[in-house]
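Protein chains: 2
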Amino acid sequence: MSTLKGACIIGQSGGPTSVINASAYGVIDAALKDPNITRVFGAEHGIKGVLNDRLFDMGEEDPKELELLKYTPSSALGSCRYKIADPDKDDTDYKRILEIFKKYDVRYFFYNGGNDSMDTCNKISKYMQKVGYECRVMGVPKTIDNDLFGTDHCPGFASAAKYIATSCMEVYKDARVYDTGLVAVVEIMGRHAGWLTAASALATYKGAGPDLIYLPEVDFDMDKFLADVDRVYAANKNCMVAVSEGVHYADGSFVSEAKTSATDGFGHAQLGGLAAMLANVVKERTGAKVRGIELSLLQRCGAHLASKRDIEESYMSGAEAVKNAVAGMTDKMVGFECTRDGGVYTCKPKLLNLTDVANTEKKVPLEWINADHNGIEQGFIDYALPLIQGEPDLPKEDSLPRFARLKKVLAK
Amino acid sequence: MSTLKGACIIGQSGGPTSVINASAYGVIDAALKDPNITRVFGAEHGIKGVLNDRLFDMGEEDPKELELLKYTPSSALGSCRYKIADPDKDDTDYKRILEIFKKYDVRYFFYNGGNDSMDTCNKISKYMQKVGYECRVMGVPKTIDNDLFGTDHCPGFASAAKYIATSCMEVYKDARVYDTGLVAVVEIMGRHAGWLTAASALATYKGAGPDLIYLPEVDFDMDKFLADVDRVYAANKNCMVAVSEGVHYADGSFVSEAKTSATDGFGHAQLGGLAAMLANVVKERTGAKVRGIELSLLQRCGAHLASKRDIEESYMSGAEAVKNAVAGMTDKMVGFECTRDGGVYTCKPKLLNLTDVANTEKKVPLEWINADHNGIEQGFIDYALPLIQGEPDLPKEDSLPRFARLKKVLAK
Numbered sequence: 010m011s012t013l014k015g016a017c018i019i020g021q022s023g024g025p026t027s028v029i030n031a032s033a034y035g036v037i038d039a040a041l042k043d044p045n046i047t048r049v050f051g052a053e054h055g056i057k058g059v060l061n062d063r064l065f066d067m068g069e070e071d072p073k074e075l076e077l078l079k080y081t082p083s084s085a086l087g088s089c090r091y092k093i094a095d096p097d098k099d100d101t102d103y104k105r106i107l108e109i110f111k112k113y114d115v116r117y118f119f120y121n122g123g124n125d126s127m128d129t130c131n132k133i134s135k136y137m138q139k140v141g142y143e144c145r146v147m148g149v150p151k152t153i154d155n156d157l158f159g160t161d162h163c164p165g166f167a168s169a170a171k172y173i174a175t176s177c178m179e180v181y182k183d184a185r186v187y188d189t190g191l192v193a194v195v196e197i198m199g200r201h202a203g204w205l206t207a208a209s210a211l212a213t214y215k216g217a218g219p220d221l222i223y224l225p226e227v228d229f230d231m232d233k234f235l236a237d238v239d240r241v242y243a244a245n246k247n248c249m250v251a252v253s254e255g256v257h258y259a260d261g262s263f264v265s266e267a268k269t270s271a272t273d274g275f276g277h278a279q280l281g282g283l284a285a286m287l288a289n290v291v292k293e294r295t296g297a298k299v300r301g302i303e304l305s306l307l308q309r310c311g312a313h314l315a316s317k318r319d320i321e322e323s324y325m326s327g328a329e330a331v332k333n334a335v336a337g338m339t340d341k342m343v344g345f346e347c348t349r350d351g352g353v354y355t356c357k358p359k360l361l362n363l364t365d366v367a368n369t370e371k372k373v374p375l376e377w378i379n380a381d382h383n384g385i386e387q388g389f390i391d392y393a394l395p396l397i398q399g400e401p402d403l404p405k406e407d408s409l410p411r412f413a414r415l416k417k418v419l420a421k
Numbered sequence: 010m011s012t013l014k015g016a017c018i019i020g021q022s023g024g025p026t027s028v029i030n031a032s033a034y035g036v037i038d039a040a041l042k043d044p045n046i047t048r049v050f051g052a053e054h055g056i057k058g059v060l061n062d063r064l065f066d067m068g069e070e071d072p073k074e075l076e077l078l079k080y081t082p083s084s085a086l087g088s089c090r091y092k093i094a095d096p097d098k099d100d101t102d103y104k105r106i107l108e109i110f111k112k113y114d115v116r117y118f119f120y121n122g123g124n125d126s127m128d129t130c131n132k133i134s135k136y137m138q139k140v141g142y143e144c145r146v147m148g149v150p151k152t153i154d155n156d157l158f159g160t161d162h163c164p165g166f167a168s169a170a171k172y173i174a175t176s177c178m179e180v181y182k183d184a185r186v187y188d189t190g191l192v193a194v195v196e197i198m199g200r201h202a203g204w205l206t207a208a209s210a211l212a213t214y215k216g217a218g219p220d221l222i223y224l225p226e227v228d229f230d231m232d233k234f235l236a237d238v239d240r241v242y243a244a245n246k247n248c249m250v251a252v253s254e255g256v257h258y259a260d261g262s263f264v265s266e267a268k269t270s271a272t273d274g275f276g277h278a279q280l281g282g283l284a285a286m287l288a289n290v291v292k293e294r295t296g297a298k299v300r301g302i303e304l305s306l307l308q309r310c311g312a313h314l315a316s317k318r319d320i321e322e323s324y325m326s327g328a329e330a331v332k333n334a335v336a337g338m339t340d341k342m343v344g345f346e347c348t349r350d351g352g353v354y355t356c357k358p359k360l361l362n363l364t365d366v367a368n369t370e371k372k373v374p375l376e377w378i379n380a381d382h383n384g385i386e387q388g389f390i391d392y393a394l395p396l397i398q399g400e401p402d403l404p405k406e407d408s409l410p411r412f413a414r415l416k417k418v419l420a421k
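In order, the protein sequences belong to chains A and B.
When we follow the working numbering, the leftmost residue of the first sequence carries the number 10, and every step to the right adds one.
When we follow the working numbering, the leftmost residue of the second sequence carries the number 10, and every step to the right adds one.
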């Protein structure tokens, strides 16, 4: 492989996670140390920062503050939900990106995001190849949704899963404190894939979690749901339900659909309010006391409950992207290959073709959903439990989080 | 003071907290060790357990499991919201309580709860005095609402405050990740007192918290609120709001009132849905992207973010109740007397008359609310910051909480 010298850009895109900054730090830290990489730029708000010529010079940052990115939730560089055009139809953005790459002699491009971001990354990679501009492009995955193709799991999933499992255990305790009974409905993120909702089963595995769990991988039936709740409530005088925001009827319409009509930049319906809606339906039907709880943004920014393993793997995926790019690889995403034989967990990086990853969603296998479609099988527990392990040594100040404070000096 | 030998009962009442079990453990641990206390009973679901003759023999529990109560949220013995009658009007319950006290030779009664529970505790104390049954009655406070009279603060407040401040810091980071702007409205518990909502100001103090904070101590004005949001949003393209569930208009009606008509056992309106409602009002008026987040039960059961100091003080209040009762005191609640001179925090127990505590609410002093009624002054920060200090060494299993597992053997 030929040596390639030049600057690099790291951009962050899509919904943030507790550990996306750990991945970015993996890129930044490895890139700053690599003699082939002349400058390290952080793009403000992902690809928009490239288009707008808003690049931060990461070499200007205090290394100690940069390291705190490992424990700082959300996207420190700023994120975007920007749908880049098909280059065959409109190459305006690509020409502008090429112009900026040339201006700063950018020869390495790292894009840190989920499905849609890998699509952006893939399109830029293919465009640069087409126009013959030598630039190595690597995707650095993140998504709490855990729905990226070809990798054992995605950085960010485990920390959100740990937040969800821990919170469900606590709510379980709280929601059965009275002898008057309660039906608690917890709404969890995940439009099309139920990985996060399934994570609530880790609480059940520990004896303090949802009695009923509904994933978007299978159709939702309101009558069946109400009968399930009735049965559990009659037996226990309490019932805890975990439900994915993306549960849908057999015709494909979201159960929450009537509640909101807003959509995000990619045309996805913005969901929410499902927990309150289902709780009300239960109340009307059964007269039980109900409580709808939406974990909302809390589940994706709960860095105080991050998995240490997730932080380490997130850093690793960023650093591996740099290492492989410098070694000559391009057009890839850094995935994970894991083993769990005999309860021993191993994880090593593997490179996936961006083309294969872009826009392909990985769902929870049906064999991990119970036959009744209201619970999770042990296979998922064995899969997920190793991922949430380890407590990071969180930096605190006055017993509150000490997040990274970046200077964000614009590159000249 | 005369020596009094006999059994004791500990009961828990009202909404649970992250650390109410630490207080109960303080009572149980001290009582089990005290030679004057012959047996230690835990009442199932507070005073209802006495009325129903459902008492657990705490001497049958594994001491190691009992100690885990320090880190186990919710009321381990079960709680209740039972409004005991005025004994002059209906003394049925009191006669039954006396009957049970005599049956088990109960000479010490400890009641662990908030305002309403101290009222129950007070009425039982006065009744026993009236009928001449020698029984020492002590209130052990808990309430995340922090609204008990005569004490510097209440066990449970600090851990909820720490949860709220930490979560607000994380949401702050998450809610400003895009360049498209967002108005995030966080709804926090507190019907009549704004202590918990004020705790969100600890996040602002750390540079990552709400821009606007609304407490129920002052009247809410929708036009003023919308103007406040407009101003902050215009300046920052982002706005984070913290609002108490109990904010009300000048006529006293709750802002959230139209949303629900349910009431709990004490006739309090059950509030909720305010965050979503205010977010929608902002959206309609400004067109901004909005997100309503209700911290719901999470804020009162988030033991994983408990303040170590709160756990220690909660335990202390329980143990002090036993110590003082055995020494001859009765008809009191264990409060705290604290100093913060020169940044050095001290806390010692002080005994308050149950009559003074029962049904008296302590609100946030107006001098800690800013002149514009949309923010919190430094005085509150100085008050609250010492309370949230310290990280407990949380027992975990597979990186998830390991809660106490009680056998709950019914007393014969």
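Note that beta-carbon positions come from the ideal geometry of N, C-alpha and C, so glycine has one too.
From a predicted model like this one, the values you see are computed outputs, not experimental measurements.
Residue i vs residue j beta-carbon contact at 8 Å
i, j, result
"ILE153/A", "LEU211/A", "no"
"PRO219/B", "VAL256/B", "no"
"LYS151/B", "GLY122/B", "yes"
"VAL180/A", "LEU221/A", "no"
"MET178/A", "LYS341/A", "no"
"LEU363/A", "ASN131/A", "yes"
"THR129/A", "PHE412/A", "no"
"PRO164/B", "SER22/B", "no"
Distance between residue j and residue i (C-alpha atoms, nearest Å)
i, j, result
"ARG300/A", "TYR242/A", "14 Å"
"THR339/B", "MET198/B", "32 Å"
"VAL290/A", "ASP232/A", "11 Å"
"GLY51/B", "ASP62/B", "11 Å"
"PHE65/A", "GLU53/A", "7 Å"
"HIS162/B", "VAL115/B", "30 Å"
"ILE302/A", "ASP43/A", "47 Å"
"PHE158/A", "LYS371/A", "5 Å"
"ASN383/A", "TYR223/A", "5 Å"
"ASP99/B", "GLY296/B", "57 Å"
"ASN45/B", "GLU400/B", "35 Å"
"LYS298/A", "TYR324/A", "45 Å"
Within chain B, partners of residue i - CB distance below 8 Å
i, result
"CYS310/A", "GLU179, VAL180, LYS182, ASP183"
"ASP154/A", "Within chain B, no residue comes near ASP154/A; the closest Cβ sits about 15 Å away, beyond 8 Å."
Supposed close pair residue i, residue j - CB separation, criterion 8 Å
i, j, result
"ALA174/A", "LEU396/A", "Not quite, the Cβ-Cβ distance comes to about 11 Å (not below 8 Å), so this is no contact."
"ALA40/B", "VAL418/B", "Actually they do not touch by this definition, with Cβ atoms about 16 Å apart."
"ALA208/A", "ALA170/A", "4 Å"
"TYR120/B", "GLY20/B", "5 Å"
"VAL28/A", "ILE320/A", "5 Å"
"GLY388/B", "THR160/B", "The Cβ separation is near 18 Å, so there is no contact."
Residues that residue i contacts on chain A, provided the C-beta gap is smaller than 7 Å
i, result
"LEU314/B", "HIS313"
"ASP62/B", "Going along chain A, no residue has its Cβ under 7 Å from ASP62/B, so there is no contact; the nearest lies around 14 Å."
For residue i, the three-state DSSP class (helix, strand or coil)
i, result
"HIS313/B", "helix"
"ASP239/B", "helix"
"ASN247/B", "strand"
"CYS130/A", "helix"
"ILE153/A", "coil"
"PHE275/A", "Low confidence applies to PHE275/A: its pLDDT is 48, below 50, so where it sits in the model is not reliable, and the reading given next is rough at best. In the structure shown, PHE275/A sits in coil (DSSP, three-state: anything other than H, G, I, E or B)."
"LYS359/B", "strand"
"MET147/B", "strand"
"PHE158/A", "coil"
Proximal chain B residues relative to residue i, where beta-carbon distance stays under 9 Å
i, result
"HIS162/A", "What HIS162/A touches in chain B: nothing, since even the nearest Cβ is about 16 Å away."
"GLN398/A", "ASP407, SER408"
Amino acids of chain A, ordered along the chain, whose beta-carbon sits closer than 9 Å to that of residue i
i, result
"GLU143/B", "Chain A residues near GLU143/B: none, gap ~30 Å exceeds 9 Å."
"ALA330/B", "By Cβ distance, chain A contributes nothing, its closest Cβ being about 21 Å from ALA330/B, past 9 Å."
Proximal residues of chain A, C-beta to C-beta of residue i below 8 Å
i, result
"THR175/B", "HIS313, LEU409, PRO410"
"SER84/B", "VAL186"
Cross-chain neighbours of residue i in chain B, by beta carbon under 7 Å
i, result
"GLY87/A", "VAL186, ASP188"
"LEU7/A", "Since the first residue of chain A shown is 10 and the last is 421, residue 7/A is not available in this structure."
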